[in-house]
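*Asks:* Quick one: the structure is below, questions incoming.
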Amino acid sequence: MDWFDSWGLTLAVFLPSVGMAIVLFIPSAQELALKMTALLTTLATLAVGIALLARFDFDMRGALQYDVNKSWIDVINSRYHMGIDGIALPLLLLTMVITVMCVIYSWDHFPEPHTPKAFLALILLLETGMNGTFCAQDLILFFIFFELVLLPMFFMIGVWGGPNREYASIKFFLFTLFGSALMLLSFLALFFLSDPQTFDIPRLAAQGGAGLAASTQNLVFVGLFLGFAIKVPMFPFHTWLPDAHTEAPTVGSVLLAAILLKLGSYGFIRIALPILPQAARDWAPWIGLLAVIGIIYGALCCLAQRDMKRLIAFSSVSHMGFIMLGIATLTNFGINAAIFGMVAHGLITGMLFFLAGSVQERYETREISSLGGMLVQVPRLAWILGFCVMASLGLPGLAGFWGEFPSILSAYNPAAGISEITFRVYMVVSAVGTVLAAGYLLYMFQRVAFGTVKAQFQNLHVHDVHWPEWFAWTPLLLLIVALGIYPNFIFRITDPAVSGLAQSVAKVIG
Amino acid sequence: MTPRFDYHALAPELILTGTIVVVLVADFFFSDRERFQTSRLATIGVLASLVPVLTLAIDGTTRSLFGGAFVVDNYALALKGFFLLVAYITLLVSVDYIGEGDYYQGEYYFLLLSSVLGMIVMASARDLISIFVALELISVPTYVLAGWRKHDTKSNEAAIKYYLFGVLSSAVMLYGMSLIFGLSGSTLLRDIGEYARGVDIPPLFAVAIFLTLVGFAFKISAVPFHFWAPDTYEGSPTPVTAFLSVASKAGGFVAILSLVFFGFFRTQEAWQPILWALAAGSMTLGNLTALRQTNIVRLLAYSSIAQGGFILAPLAVAAEGNAARSAFEAVVIYLLIYGAMNLGAFAVVIAVARRTRSGEIASYSGLGQTEPVLALLMSAFLFALAGVPPLAGWFAKFVMFRAIFNAGTAAAYTLGVIAAVNSVIAIFYYAGIARRMWFRDPSEAGVEQVPARTPPALAIALGLSAAVVLVIGVYPQLFARIGEGAFPG
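Just so you know, the sequences run in chain order A and B. Counting from 1, position 119 in the first sequence corresponds to residue 117 in the working numbering; the numbering is continuous, with no gaps. In short: position in the second sequence from 1, add 532, done, that's the working numbering.
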């Protein structure tokens, strides 16, 4: 199995693009063949992912596994360097799982215009971009994969989206592209400032910004910050998100919420923190501040929403705030919590968007006020919604808890050199955020699920959960429970890598 | 003393000259129905000229002819190859357009090839006079080509505007060149370079550089000397527009590159600010005006003005720090990638116009449903032009930014920020067309669709451009190596 050590990641990243190429060559009339190809490709990719997990050395610290380092663009000293550690692995697996579920969910739910071929091809292309971002260990390679997800998502929102799709898609595209233009400039700056000059992420992290003036570091960090913060999105760069989420087709929203947002927070952990630790320390209070504002602002916006999908979108702003708060502490504890939070948010919010899509499909509306009595009419669907709402508000015993609670706790004791008082204030404020989260989620659930069925839906024949939905949702629901009961599944993977990272950061900022 | 005559070094030019003569003469002997044969002859000639370019590249020695006025080095060969491939693709997109129109075929190919001859001479020209002759050889045939649709007033306008501006710019340039000769005492770039390295250079030399560069700024349609371009592009036959916006423009860039690197390099105070202003102005104004266009060819015209600004940007800071090498590479790599992207976009415009008989952007509505393959290709070329990975354009932009960072001065960073902002603005109009093609309904197109197949020649042109855009996007090393090898040291 030596070949797997050197080819595993390449396989995980490019198998979906091979699948996409096959899909493009199947005539659009043969729908079953298209669906089967997409499903088998994503399943095969997931199998690769599970093999990666099985052969992963959990105790290895500070080194990349499945490391490949081949020449790519020699002229600019950029190499095809892929590798994963405990930080990347959970997110990589999350991506693979969610993508399979998206293909299954789409089985007979293809949004209008009904063109499965293009839709499935875009999902597969997205998977290549997402998997690649989590595996890339070279700044330019990272940039390419990071950007690769833009076009498919742009088209997914624009072609299959809701009534306001044109505006939402171009807004999403321009916002993220603006961020990544600045990010690319920062990558170039990192290259020219490093000694010896390199785009290699581990080597840049080993240099840790040594020999750079604080002002230079801070400036370069701002570029990275904007690139990642727009993607996360952090307040005040979040305005593209509610539009994109609301207009995107169900599967688009799921992928956007579950994975695409994580590319931003992952970028902070993988690139910004280890390469420029001093600047990260200097900016940490500000990142923390924006994170906390995001938590509260997102939650307050949720209370004012009338559209289910928009509400879930704003709840993402709030939840990503907890993740960013954990990252801003720069501690082992905080970053571990953040990664767990990313996985949990991916599963839970992904589920919530699936549910919103299913509600929309059945009632042809997502207006919270016009829904009601779902527990009577579609009890299974409503119970699953209730379950996910509980998970999302951080009920202990479900996955959401382990992302949120440790994140808040970690703010009690940020890394050396960061003001404790400030972060303790953040801790208190963010704790208020969890109360608000419980508020808006339960309020939403109560209005759509309890009470009586509204008059206009009395005589509507509504299907309860049907089989593609069961197939797509069961694994996610099981994972939410499993991770809630035994969070060590994730912490065991992340901890060695994160503590290595936190130690090297601490050494620099001492 | 008789000059040493290196037939191998001159073989590309000689073969192409032979082809030109054959095409012109053969046209007399073909009956009307056989006229299309001239295009075959032209294509064979262009491809045959590529052979000595390859053998010379394999041979690898730098050959200097005519006392240094004509040099065949890696730089010259890389661009000769580029020009000949661009000519090949232009021929492919022309064949059916010209064959189906009521036009004189033999003359068309004669003129096109003459212009290409000028370009491959330009790649080797290292002397003011040979640069000027090459430039006129590029330009004069295109004045005629722009007016090819002689019964169309727009085409007449295109030709006359292009001609007047072209002649004016030649005059200005020639004046500048004569001043340079007067001061330095030589027309050879090598000697001018020596002179520019000297200590007391009179301010008049700066004036001379200014006039020369302004002349070329017209040719590459850099703001504020761009006014002719949109009208000329819109009025010319579309294959000619493609040729003008890629090949003839690249000819101007090659001239500037040679002049700056082999001649003026040491007097950077004189030329850097000019190029800086041209670059910043072209990017910004080209993009902002492109936002408002409703005709696809005019939009591509303004986009190519903006792209010209991106190509100039690294040159504008080339003499700072150790940026010379990366700036040179950036220009060459950008030109190569730009050629593929822009030719591809124009090839789609031609293919779509066969169906819709329209150049309005509105007529692209719903193309994703009616012609998914063309729409897919167009999206690829547009997003490549926008610089979105993994399509080739990102690498062009990347090497540009790299050169700017390498220079590292305040002026360079300012230009870098302007370029970054402009790359985002550009997304808006490139994505705008994609939006029309995929997000709108065909009923919004407002034109009658005529079913028409894409002829094989056009399909080959599309396939070649698309292949370059995709392959270079994922593995830019291929072009990066060419750019690296081209640097004359």
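Where is the CB? At the ideal position from N, CA and C, for every residue including glycine. None of the values given here were measured: they were computed from a predicted structure.
State yes or no: is the beta carbon of B/Arg968 nearer than 7 Å to at least one beta carbon in chain A?
*Replies:* no
*Asks:* Does the distance from the CB of A/Gly324 to the CB of A/Ser263 come in under 7 Å?
*Replies:* Contact flag unset, no.
*Asks:* Does the Cβ-Cβ distance between A/Val230 and A/Phe351 come in under 7 Å?
*Replies:* It is not a contact, given that the beta carbons lie outside the stated cut-off.
*Asks:* For the alpha helix (DSSP H) holding A/Arg77, just list the boundary residues, first then last.
*Replies:* Where A/Arg77 is concerned, there is no enclosing alpha helix (DSSP H), although the beta strand (DSSP E) it sits in stretches over Ser76 to Ile82.
*Asks:* Contact criterion: CB-CB distance below 7 Å. Does B/Pro544 meet it with respect to chain A?
*Replies:* no
*Asks:* Mind pulling the chain B residues with CB within less than 7 Å of A/Leu148?
*Replies:* Val920
*Asks:* Output, in chain order, the set of chain B residues within a Cβ distance shorter than 7 Å of A/Ile71.
*Replies:* Chain order gives the chain B residues near A/Ile71 as Pro1008, Gln1009 and Ala1012, where near means a beta carbon separation below 7 Å.
*Asks:* Please report the straight-line C-alpha distance between A/Thr35 and A/Ser502, rounded to a whole angstrom.
*Replies:* 44 Å
*Asks:* Which residue marks the beginning of the alpha helix (DSSP H) containing A/Arg445, and which one marks its end?
*Replies:* Glu418 to Ala447
*Asks:* With three or more beta-carbon pairs closer than 8 Å as the criterion, would you say the stretch 303 to 312 of chain A touches the stretch 271 to 291 of chain A?
*Replies:* no
*Asks:* With burial defined as no fewer than 16 other Cβ atoms inside 10 Å of the residue's Cβ, what is the status of A/Ile456: buried or exposed?
*Replies:* Here the sequence assigns Gln to residue 456 of chain A, which means Ile is not the residue at that position. Exposed, since its Cβ has fewer than 16 Cβ neighbours within 10 Å.
*Asks:* Rounded to the nearest angstrom, what separates A/Ser69 and A/Asp136 at their Cα positions?
*Replies:* Approximately 11 Å, taken between the alpha carbons.
*Asks:* Is the beta carbon of B/Leu669 closer than 7 Å to that of B/Gly650?
*Replies:* yes
*Asks:* Just checking, does the stretch 868 to 878 of chain B make contact with the stretch 938 to 949 of chain B on the three C-beta pairs under 8 Å criterion?
*Replies:* no
*Asks:* Comparing the C-beta of B/Ile547 with each C-beta of chain A, is any distance below 7 Å?
*Replies:* no
*Asks:* Using 7 Å as the limit for Cβ to Cβ distance, is B/Ile843 near chain A?
*Replies:* no
*Asks:* Give the range of the beta strand (DSSP E) segment to which A/Ser69 is assigned.
*Replies:* Gln63 to Ile71
*Asks:* Measure the C-alpha to C-alpha separation of A/Gly6 and A/Leu50 and round it to an integer number of angstroms.
*Replies:* 7 Å
*Asks:* Secondary structure at A/Phe54, three-state DSSP: helix, strand or coil?
*Replies:* coil
*Asks:* Quick one, which of A/Ile382, A/Val460, A/Asp65 and A/Phe23 has its alpha-carbon nearest A/Ile199's?
*Replies:* A/Asp65
*Asks:* Report yes if the CB atom of B/Ser716 is closer than 7 Å to the CB atom of B/Gly698, and no otherwise.
*Replies:* Contact annotation: B/Ser716 and B/Gly698 have beta-carbon atoms that are not nearer than 7 Å.
*Asks:* For the alpha helix (DSSP H) containing A/Ser184, name the first residue and the last one.
*Replies:* Arg163 to Leu191
*Asks:* Could you give the uninterrupted runs of the alpha helix (DSSP H) lying entirely in the stretch 644 to 727 of chain B, keeping only those of 4 residues or more?
*Replies:* 660 to 678 and 685 to 716
*Asks:* Are the C-beta atoms of B/Ser955 and some chain A residue less than 7 Å apart?
*Replies:* yes
*Asks:* Name the residues in the stretch 160 to 172 of chain A whose C-beta lies less than 7 Å from a C-beta of chain B; which are they?
*Replies:* Arg163, Glu164, Ile168, Phe171 and Leu172
*Asks:* Quick check: the stretch 676 to 693 of chain B against the stretch 576 to 586 of chain B, are there 3 or more CB pairs under 8 Å?
*Replies:* The answer is no - the stretch 576 to 586 of chain B does not touch the stretch 676 to 693 of chain B, with fewer than three Cβ pairs under 8 Å.
*Asks:* In the DSSP assignment, what are the bridge partners of B/Arg595?
*Replies:* B/Val604
*Asks:* Which term fits A/Lys505, buried or exposed, when burial requires 16 or more other beta carbons within 10 angstroms of its beta carbon?
*Replies:* exposed
*Asks:* If you pair each beta-carbon of the stretch 923 to 933 of chain B with each one of the stretch 970 to 979 of chain B, do three or more pairs fall below 8 Å?
*Replies:* no
*Asks:* Residue range of the alpha helix (DSSP H) that A/Lys229 falls in?
*Replies:* Ala212 to Lys229
*Asks:* Kindly identify the DSSP beta-bridge partner or partners of B/Asn827.
*Replies:* B/Glu892
*Asks:* When you compare only the Cα positions, how much space is there between B/Gly898 and A/Gly250?
*Replies:* 22 Å
*Asks:* May I have the straight-line CA-CA distance separating B/Ala911 from B/Ala885, to the nearest angstrom?
*Replies:* Inspection of the sequence shows that residue 911 of chain B is occupied by Ser rather than by Ala. Going from the Cα of B/Ser911 to the Cα of B/Ala885 covers about 16 Å.
*Asks:* Starting from B/Phe796, find everything on chain A with Cβ-Cβ shorter than 8 Å and list it in chain order.
*Replies:* In chain order: nothing, as chain A lies at least about 26 Å away.
*Asks:* Relative to the C-alpha of B/Phe842, which candidate in B/Leu823, B/Ile692, B/Ala862 and B/Tyr695 has its C-alpha closest?
*Replies:* B/Ala862
*Asks:* If distances are taken between C-alpha atoms only, which option among B/Pro769, B/Asn688, B/Asp732 and B/Ser710 comes closest to B/Leu644?
*Replies:* Distances from the alpha-carbon of B/Leu644 to those of B/Pro769, B/Asn688, B/Asp732 and B/Ser710 put B/Pro769 closest.
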